[in-house]
Amino acid sequence: MRLPCAALGRPTSSRNAIKFLGVTDPVDQSEKIITSSILNTQVSTNHLPMSGFNLQTAARPNILSLHPYVCARDIYPATAGTILLDANENAHGPSIPGAATPSVVANGDSSNGVISSAEHLAELHRYPDPHQGAVKDLWCNLRNAPNAQTPGYKPLKPENMFLGVGSDEAIDILMRVFCAPGREKILICPPTYGMYSVSADVNDLGIVRVDLDTTDGKFALRPDAVCEALSADPSIKIVYLCTPGNPTAADLDSDAIKQILAHPTYNGVVVLDEAYIDFAPEGRSRAHWANEYPNVVVMQTLSKAFGLAGIRLGAAFTSPPIASLMNCMKAPYNISSPTSALAMQALSPEGLAIMRKHVADLNAQRDYLASKGFPSIPGVGRIIGGRDANFLLVEVLDKPGGKPNNEVAVQVYEELAGNRNVVLRFRGKELGCEGCIRVSIGTKEENEILLKKFAEVLKIFQKA
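Using full-length UniProt numbering, the first residue of the sequence shown is number 1, and each one after it goes up by one.
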């Protein structure tokens, strides 16, 4: 039996799961179908300005009534000694040389995420945990830590989370939850991450653009202009804010974001894309806002600071009702067992220590390149934007002491990539980024080679 997304949360035991899913408990024939909705869960907003958000009317009706896929192990979780013959898996195990003999039941998530390769391979014949509770617990612990001692702090829990194949899956699912194709819209603030527009086009959504303030290369949010657009067009259902920005590397002002969240008539969500947040000063993440604002979604990833772009794991922190809808929309087993195991290792205390050391090293190199490295090269202009990510936005001038120039920037970019084995990213066509090349921060050795070749190539193409 299936219930709508509106009635689903995460079962805590097999008996409770039976009740929760509306299946009559064979031990208690008088048990009634459970239809209490997680959508009625309230986010405490007593201390906040009133907003116009109402999830029951903001989300698409067909999503609110969606019947998600439910497997037998949602109702009867596997325990030691359970014989699993429910999912048409191959009982003999994976066809991989070196894999250990499978256990009777899948081991599930390791307590510390550290398992041997042989053990890991042995369980690949089993479908992964569809809920990924262990990964969510560790990620919540990371984001709770800076605020744990704050009086009245409500900690993040797994029910606040959605895990997806990179942040891109969350971007797409949010559009499908809240935006009707052909009728409704998203709002973005250029220059910004390109996947918001791509996903909107795929989902047949309109795009409203409210440019960032690019004065003096600072890239600031214009909350009054965003709120004006929301007031003028009620078909806007999602606001995407990249913070720290890509390609700007600038973290947006929290008070400006709060002004948008408090819009009195906006019946939609505000999405904060924090892909680069761990390169910003400690404590900048707004993941904890998920328990303060009913219509905020904070996206994060293991691709950047954690150095795990290859496993494609992203997360969204939000209110339990929105998280429930997002989890109803995903494929049943969207996160693989290898991805889960690697994520748990990265989010373990040992993994966090490695991440923080890498971030400190990259930030030191970033600050050196911004303050000494690039300014020492004749013909390089300003380093615009912020210092809150693992990249810099570097202006290329038409000549030493001249003006930012796209033609020269493209020539430098193509020569470095095509003939000098240094691949950067030309961003000069973005708003406020005339003549700009985006430079990811490498190792000290890579950065030394970069500076040398950048100076050589720039000298070739610039006017005397």
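A virtual CB, placed ideally from N, CA and C, is assigned to each residue, including glycine.
Treat the numbers as computed from the prediction; the structure is a model and nothing was measured.
Here DSSP, grouped into helix, strand and coil, assigns A220 to strand. By the neighbour-count definition (other C-beta atoms within 10 Å, threshold 16), A91 is an exposed residue. In the pairwise beta carbon analysis, the region 155 to 171 is classified as touching the region 130 to 147: at least three pairs are separated by under 8 Å. The Cβ-Cβ distance between L212 and C189 falls below 8 Å. Nearest in C-alpha terms to E169, of all of N203, R60, G152, is N203.
Under the 10 Å beta carbon count, K452 is surrounded by fewer than 16 other beta carbons and is classified as exposed. Looking only at T82, V396, G182, F306, the smallest Cα-Cα distance to S348 is reached by F306. Residue environment: Y293 is assigned as buried (16 or more neighbouring CB atoms within 10 Å of its CB, all protein chains considered). For the pair F391 and I441, the CB atoms are nearer than the 8 Å cut-off. A straight-line Cα-Cα distance of about 11 Å links Q300 and I171. Pairwise C-beta distances place the region 394 to 414 out of contact with the region 329 to 347, as fewer than three of them are shorter than 8 Å. Boundaries of the alpha helix (DSSP H) harbouring E415: 406 to 419, taken from the DSSP string. Out of I354, Q365, A122, the CA that lies nearest to the CA of G93 is found in A122. In the three-state reduction of the DSSP assignment, V271 falls in the strand class, which pools E and B.
When rounded, the separation of the alpha-carbon atoms in T57 and C328 is 18 Å. A residue is called buried when at least 16 other Cβ atoms come within 10 angstroms of its Cβ; D278 meets this threshold and is buried. In the structure shown, V394 falls within a strand segment according to DSSP collapsed to helix, strand and coil.
Under the three-state reduction of DSSP output, F306 falls in the coil class, being neither helix nor strand. The beta carbon of D233 sits closer than 8 Å to the beta carbons of K185, V208 from its chain, once the five residues preceding and following it are set aside; these are given in chain order.
With a contact defined as Cβ atoms closer than 8 Å, Y333 and F53 miss out at about 31 Å.
In the structure shown, the three-state DSSP call for C328 is helix.
In this structure, M161 keeps its C-beta atom at 8 Å or more from the C-beta atom of S199. Within a 10 Å sphere around the beta-carbon of A360 sit fewer than 16 other beta-carbons, which makes this residue exposed. P338 and D253 have their C-alpha atoms roughly 37 Å apart. Nearest in C-alpha terms to A250, of all of E274, S340, E228, is E274. Under the Cβ criterion (8 Å, minimum of three pairs), the region 305 to 322 counts as touching the region 354 to 374. When Cβ pairs closer than 8 Å are counted between the two stretches, the region 401 to 410 is seen not to touch the region 367 to 376, the count staying below three. Counting only the Cα atoms, I377 lies some 16 Å from L416. Scanning the region 66 to 92 for uninterrupted alpha helix (DSSP H) segments of 4 residues or longer gives 72 to 75, listed from N- to C-terminal end. In this structure, DSSP gives I384 an extended state, which the three-state scheme calls strand. Cβ neighbours of Y276 within its own chain (closer than 6 Å, five residues either side excluded): P244, K304, A389.
Our two residues, I384 and N405, have alpha carbons roughly 14 Å apart in a direct line.
Burial of L221 is indicated by the presence of at least 16 other C-beta atoms within 10 angstroms of its C-beta. With a threshold of 16 other beta carbon atoms within 10 Å, R183 falls short and is exposed. In terms of CA proximity to R143, A290 leads the group A290, G310, L325. Judged by DSSP in its simplified three-state form, K258 adopts helix.
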